[in-house]
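Have a look at the structure below before the remarks.
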Amino acid sequence: MRSLCMTVLACCSLTAFTVHASTQPSSPEGMYRTHAQNYKDMVFATCIASAYKLSANVGTDAGSSVTALREWANYDWEKSPEKPREFVDNYLARDYTNPLTESEIKGVKFDLLKCLDLYHSQELDEQTKKAVINPTHTDVQDYKQP
């Protein structure tokens, strides 16, 4: 009886893993997000890539993500193409020194917090409204295959 219970339990477990695995996305989901969301994600990824450029793994991955997000964000390059880089540089230049943290961990710059602040900033919201074409559309909607 115990052997039967163990077999049933094992089969149920394997089935649960199989079902769970089949529901996982098999590709990035940016093509299903709006152009406005992808534009903001692109700026955020640019910030991460810049903040961690000396770390080969993080910088390379974030830089590759910037390239993918550019493809999915329909925005006007003519309207201040330097703006994303300008935002990133300005936010990363902020001084978020925390004496309590500095006493425990030397050289902490809180660059990720700076990037998050940029991501949630009113300036980025305003620039997104100016630059993004059809902000509620997705790449899939715009380039749907017949």
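In mature numbering (1 follows the signal peptide of the UniProt record, and there is no 0), the protein residues as written are -21 to -1, 1 to 125. The beta-carbon is built from N, C-alpha and C at its ideal position, and this holds for glycine as well.
D68 versus E105, D90, L48, residue with shortest Cα-Cα distance: D90
Buried versus exposed, by CB contacts within 10 Å (16 or more), A(-1): In this predicted model, A(-1) has a pLDDT of only 49, less than 50, meaning its place in the structure is not dependable enough to derive any value.
Endpoints, the alpha helix (DSSP H) within which I27 is located: Element bounds for I27: 14 to 30.
Distance, T107 Cα to F23 Cα: 12 Å
Nearest neighbour of C71, chosen from Q101, A30, V111 [CA to CA]: Checking the sequence, you will find Leu at residue 71 rather than Cys. That would be A30, whose Cα lies nearest to the Cα of L71.
Pair within 9 Å by beta-carbon distance, N113 and N53: yes
Nearest residue (CA-CA) to residue 126, options M21, W56, H99, E61: Because residue 126 is not part of the residues shown, which for the chain are -21 to 125, the question remains open.
Three-state class that DSSP yields for Y11 in the structure shown: Here Y11 sits in helix by DSSP.
Identity of the residues DSSP links to T117 by a beta bridge: T13
Rounded C-alpha distance that separates S59 from C26: The alpha-carbon atoms of S59 and C26 are separated by roughly 17 Å.
Cβ distance (whole Å) where D96 is taken to contact M10 below 8 Å: Actually they are not in contact, since the Cβ atoms of D96 and M10 sit about 27 Å apart, beyond 8 Å.
Distance between R12 and T(-4) (C-alpha atoms, nearest Å): A caution first: T(-4) carries a pLDDT of 41, below 50, which makes its placement in the model unreliable, though a value can still be read off. Roughly 27 Å separates the two Cα atoms.
Span separating the alpha-carbon of H116 from that of Y98: Here the alpha carbons of Y98 and H116 stand approximately 20 Å from one another.
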